[in-house]
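Numbering (UniProt numbering), first residue to last: 1 to 1028.
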Amino acid sequence: MTTASRSIASLQPESAGSRQADPERLERRAREIGRELFARVGRASRPWRRGWWEDRFMNWMLDDPQVRAQLFRFIDVLPALRTPDSVGRHLTEYLDEADGRVPWLLQTAVDLAPPGTEREVLLARAARGAAEVMARKFIAGSTPDEAFQTVLKLRKRRLAFTADLLGEAVISEAEADVYQQTCLDLIRGLAGPLAAVPEDPLIDRDHDGPIPRVNLSLKLSSLTTYFDPIHTEQTIERVAARLRPILQTARDHGAYVHVDMEQYAFRALSYDLFRRVLAEPAFRDWSDVGIVVQAYQPEAETELRGLREWVEHRGAPITIRLVKGAYWDYEVLTARRLGWPEPVYLNKWQSDANFERCTNYLMEHRAELRPAIASHNLRSLAHAIAAAEAFGVPHDGYELQTLYGMGDAIQDALVARGARVRVYTPYGAMLPGMAYLVRRLLENTSNESFLKASGSSSVPIDDLLRNPEETGAMLLRSRKPRPQAPAPAAALDALPPFRNQPTADFARAENREAMAEALRKVDRELGKSYPLLINGEAVETPGRVIESLDPSRTSRIVGRTASAGAEHAEAAVASALAASADWAGKPAAERAGVIVRAAAILRERRFELAAWEVYECGKPWREAVGDVAEAIDFCEFYAREMIRLAEPRRRDVPGETNACEHIARGVAVVIPPWNFPLAIPCGMTVAPLVAGNTVILKPAEQSSVIAWKLVEILREAGVPDGVLHYLPGRGEEVGQALVHHRDVDLISFTGSRDVGLLINRQAAETPAGQSHVKRVIAEMGGKNAILVDEDADLDEAVVGVIESAFGYAGQKCSACSRVIVLEGIYDAFLARLVEAGKAVVVGTAAEPETFVGPVIDADARKRILEYRRLAAAEGRVALDSDVSELVDRGWFVGPMIVADVRPDSRIAQEEIFGPLLAVIKAKDLTEALAIANGAPYALTGGVYSRSPVSIDRVRRDFRVGNLYINRTITGALVDRQPFGGFKLSGMGSKAGGSEYLLEFLLTRCVTENTMRRGFAPDEDLATAAEGG
């Protein structure tokens, strides 16, 4: 069956909405229609009607939020459980987590089940049966034949359909190919049989003629591994290559294709991609296509206006499915976690009101944007019908859409009124469909769900049909006015509470352009020379220069820095010692003020500094801007912490005062690494500075230019001459001189284990003339592991391991270099891990699509290549990425995955600091923990599991400084996740934590006798009287 493409001209003027609606009349009519629909739904919702008992039972079972959360988690994990024992165990664990709030019927069924294996079998059978009942309620089938039979059942009820392919996570190009092929198969498989079905004019025809019977909804992000706005052009190219055959097949078979909208980060990219492909000659005149607009986004109406302008230029109409939006929790939580503005309305009435404004716009401009109003809210549906009447849209000139398995009585009531109703019908296997199923259950049981409210006799119909703008006005009037926020305090001891600096959101075009412009600007500044800085004066070192090269393009010199020797170390220490007393004597608030000003400068120059990191250290875009954000966090956090610590701890008693206070140690030497070229040097420098110490910064040779930028900013912020010194140079020379110097009070180091242990030994020596023991704070790396439990969500686990292992080419002290997988899931996990690894983009750091950039220098590349050769002997190489096209340009090493690695092998025990991942099999969680704890390091670790008991055990027994559960193990945030480990991973308090500044301070207690020869101050007498 084929349908003719429709032009905009063919829909004008008689069939287009061209009237101006009277708002008051529209409102009255919406309420009239709403009451009529309620009456119809009420008659249909009776105990003997389809699904009535099922809906009531589900609402009762899921009424308690805590029980609902635990049961949804169980439903989510259920498809991954392969034995009755694991099903029964997980059900029991989740019910235990509900803390006695489980409905008595369910708890009784679990308690009365016979003990032992029979109990687990019965529980497993009952749990799977219940889940399958729920799945069948919301999912149309897992095969084309099942889908077709569901469609026939819908057609008997005079309902049209749109098939949605379940399975939202695509983590490899092979999976994207499968998604595309499934779309093609479904179109071809349904087109023929449905063409033979007798026509139903209500759903198969409108006033312009036949409409497609086959209707497919798809997600653009499922057509590629990396659907990412940071590289818009590359994403569009990859997705379009898979989308075009789907669109052409649909057109050839007379089918319709609708593009679903997903999370906000994908919004602009999705619309851009849709417009581009549909403007191509092959599809420019095709009208059997559409896209979603989400009304919970404030930009929804603006988006409609833009689409209308594009349609007018294109010349053929499209359909708009208007929805409220299904990702509200995700959007709000993600925005708040990242410190970004929430991209959605925070109040339901606002979304409802915007939905009605958008409905009016669609009805008014139906010639260009054919309305498909998707909702289960009878107020919204009644308003849509009234708006269609008000704008003169024919009854078949728009359609109403609902979800499969929800609101059958509403669907029937709408059909009885003569409306064309299309049911959004999910299709696919249970396992990939669980995310969808849980989302539908959340909607069905939400406290703000219209379906739930409309089924409650306690909510008056007039309340449910109230105009959302009126509802909003009532809510605003009922709220107590908030007390006015005080004006920003001028005093530094009244700084606002610490909040992490949001990293750049590259879904926003302005941030992508800002980064691109910064790269262009910095590119013009490469190749300059930078001196030492001693006592505020620039010092050159003729004939001794460090050349910093771009790891992505080693022929390019980023900068040349002077190279300090022992004599420069001597001069810097002498200057720092001379300035020490004055700097330590300044009030803590004054020192904190300097550091806060530095944060402001870093914030203002964040894209420029990120661009320097791209060129000097090969940091990809997101890694670079994240590093700058962390540097800002260190400044803001440590400034506040010093103000807190500056207040003496008082323990006074009558006749005696007792105060514990902190004082600076003296001269601090800071030796940071290159892998977080701004954040770590910044944190290691501003911590001793704000604590009152003077600092000598000896940066890593590979990142000396960025370190100069940091020193430049700190001096601009107000750090005096003599307080901060910049000594780039060879570690064996200037580093050794500083470590051995008798006037150095503390050494802060981050780097390799061997150098860290050497510094610790040397600092422990007390040569003649040294009157103190040097303090050493050292972070020395890790051999970090992620455990993958048998019930892990593989979509999450594979992506998390890839990001943790290969982000910044594995050059993070927190990077995952071992993944320990339980044997029951080992083969499945490894297969998907390898496929996902193949999709990782290796390239130059300046290219926005790059995920794995170069390694830092030639020595690092040589060392990693040696481990790669060793890996072939110690395991089975499952992935060896080819980067031969890049090696002539820079220091590139492709990701490698090595399977079947023995826990005691070198690649499983030694820190490699590169993109090489060892995969180790464990028979159970006990063995996995033993392997994980068997390395000499204890820095970071993680676990992917959906078992509450297993998670608790890992939390207790996995001996690492930073443990991450069901997420990546990199990316620790200041204050939120203070960073640092133990064993050979380091010594000292966690960076970014409340105890870190104490490492740079001495503590003393001052006690004063205030009762002299029987005389006590009045306040002491008053205190004594109160005590008596």
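All C-beta atoms, glycine included, are put in the ideal place defined by N, C-alpha and C.
For residue i, which residues from the same chain have a beta carbon less than 8 Å from its beta carbon, with the 5 sequence-adjacent residues on both sides left out?
| i | result |
| --- | --- |
| residue 505 | 265, 338, 340, 511 |
| residue 933 | 957, 958, 959 |
| residue 573 | 667, 696, 738, 741, 743, 744 |
| residue 149 | 141 |
| residue 545 | 529, 560, 561, 562, 563 |
By DSSP's criteria, residue i is part of a beta bridge. Which residues make up the other side?
| i | result |
| --- | --- |
| residue 659 | 650, 1006 |
| residue 164 | 217, 426 |
| residue 977 | According to DSSP, residue 977 bridges with nothing at all. |
| residue 724 | 695 |
| residue 259 | 218, 291 |
| residue 528 | 559 |
| residue 842 | 852 |
| residue 938 | 982 |
| residue 749 | 671, 778 |
| residue 320 | 291, 371 |
| residue 987 | 778 |
| residue 921 | 821 |
What would DSSP say about residue i, mapped onto helix, strand or coil?
| i | result |
| --- | --- |
| residue 895 | coil |
| residue 1011 | coil |
| residue 547 | strand |
| residue 229 | helix |
| residue 1052 | Nothing can be reported for residue 1052: it is not among the residues displayed for the chain, which extend from 1 to 1028. |
| residue 706 | helix |
| residue 373 | strand |
| residue 197 | coil |
| residue 398 | coil |
| residue 812 | coil |
| residue 593 | helix |
| residue 625 | helix |
| residue 999 | helix |
| residue 92 | helix |
| residue 817 | strand |
| residue 834 | helix |
Give every residue of the same chain whose Cβ lies closer than 7 Å to the Cβ of residue i, excluding the five residues on either side of it in the sequence, and list them in chain order.
| i | result |
| --- | --- |
| residue 648 | 659, 660, 661 |
| residue 858 | 891 |
| residue 20 | none |
| residue 487 | Since pLDDT at residue 487 reaches only 42, below the 50 mark, its modelled position is unreliable, and the value read off the structure follows with that caveat. Result list for residue 487: empty, nothing under 7 Å. |
| residue 899 | 830, 875, 876, 878, 919 |
What does a CB cutoff of less than 6 Å around residue i pick up in its chain, not counting 5 residues either side in sequence?
| i | result |
| --- | --- |
| residue 1008 | 657 |
| residue 942 | 786, 964, 969 |
| residue 688 | 668, 695, 1000 |
| residue 664 | 584, 691, 692, 693 |
| residue 1012 | none |
As a quick exercise: from the options, pick the residue whose alpha carbon is nearest that of residue i.
| i | options | result |
| --- | --- | --- |
| residue 692 | 278, 641, 25, 72 | 641 |
| residue 607 | 589, 595, 629 | 629 |
| residue 461 | 769, 36, 148 | 36 |
| residue 775 | 704, 695, 668 | 668 |
| residue 336 | 290, 323, 499 | 499 |
| residue 346 | 328, 210, 282, 362 | 328 |
| residue 852 | 906, 914, 870, 872 | 914 |
| residue 536 | 727, 845, 85, 261 | 727 |
| residue 550 | 664, 471, 401, 705 | 705 |
Does the beta carbon of residue i sit closer than 8 Å to a beta carbon anywhere in chain C?
| i | result |
| --- | --- |
| residue 922 | Protein chains in the displayed structure number just one, and chain C is not present. |
Cβ pair count under 8 Å reaching 3, the segment 721 to 739 against the segment 549 to 558: As far as the Cβ criterion goes, the segment 721 to 739 does not touch the segment 549 to 558, which means the pair count is below three.
Validate contact between the segment 127 to 138 and the segment 172 to 187 using beta carbons, cut 8 Å, 3 pairs: Note that the segment 127 to 138 does not touch the segment 172 to 187; fewer than 3 beta-carbon pairs, one per stretch, sit closer than 8 Å.
contact_flag[the segment 869 to 886, the segment 827 to 846] where n(CB pairs < 8 Å) is 3 or more: Yes, the segment 869 to 886 touches the segment 827 to 846.
Touch test, the segment 574 to 587 against the segment 806 to 825, Cβ-Cβ under 8 Å, three pairs minimum: Segment contact: the segment 574 to 587 against the segment 806 to 825, fewer than three CB-CB distances shorter than 8 Å; contact not assigned.
Three CB pairs or more closer than 8 Å across the segment 903 to 912 and the segment 800 to 819: Taking 8 Å as the limit for Cβ pairs, the verdict is that the segment 800 to 819 does touch the segment 903 to 912.
At least 3 beta-carbon pairs within less than 8 Å: the segment 597 to 615 vs the segment 701 to 718: Contact holds: three or more Cβ-Cβ distances are below 8 Å.
Cβ pair count under 8 Å reaching 3, the segment 293 to 308 against the segment 224 to 242: At 8 Å Cβ cutoff, the stretches do not touch.
contact_flag[the segment 858 to 869, the segment 759 to 766] where n(CB pairs < 8 Å) is 3 or more: Counting Cβ pairs under 8 Å, fewer than three are found: no touch.
The segment 360 to 371 contacting the segment 388 to 405, beta-carbon criterion three pairs below 8 Å: Yes: at least three Cβ pairs fall under 8 Å.
Validate contact between the segment 349 to 366 and the segment 464 to 472 using beta carbons, cut 8 Å, 3 pairs: Result yes; three or more Cβ-Cβ pairs closer than 8 Å.
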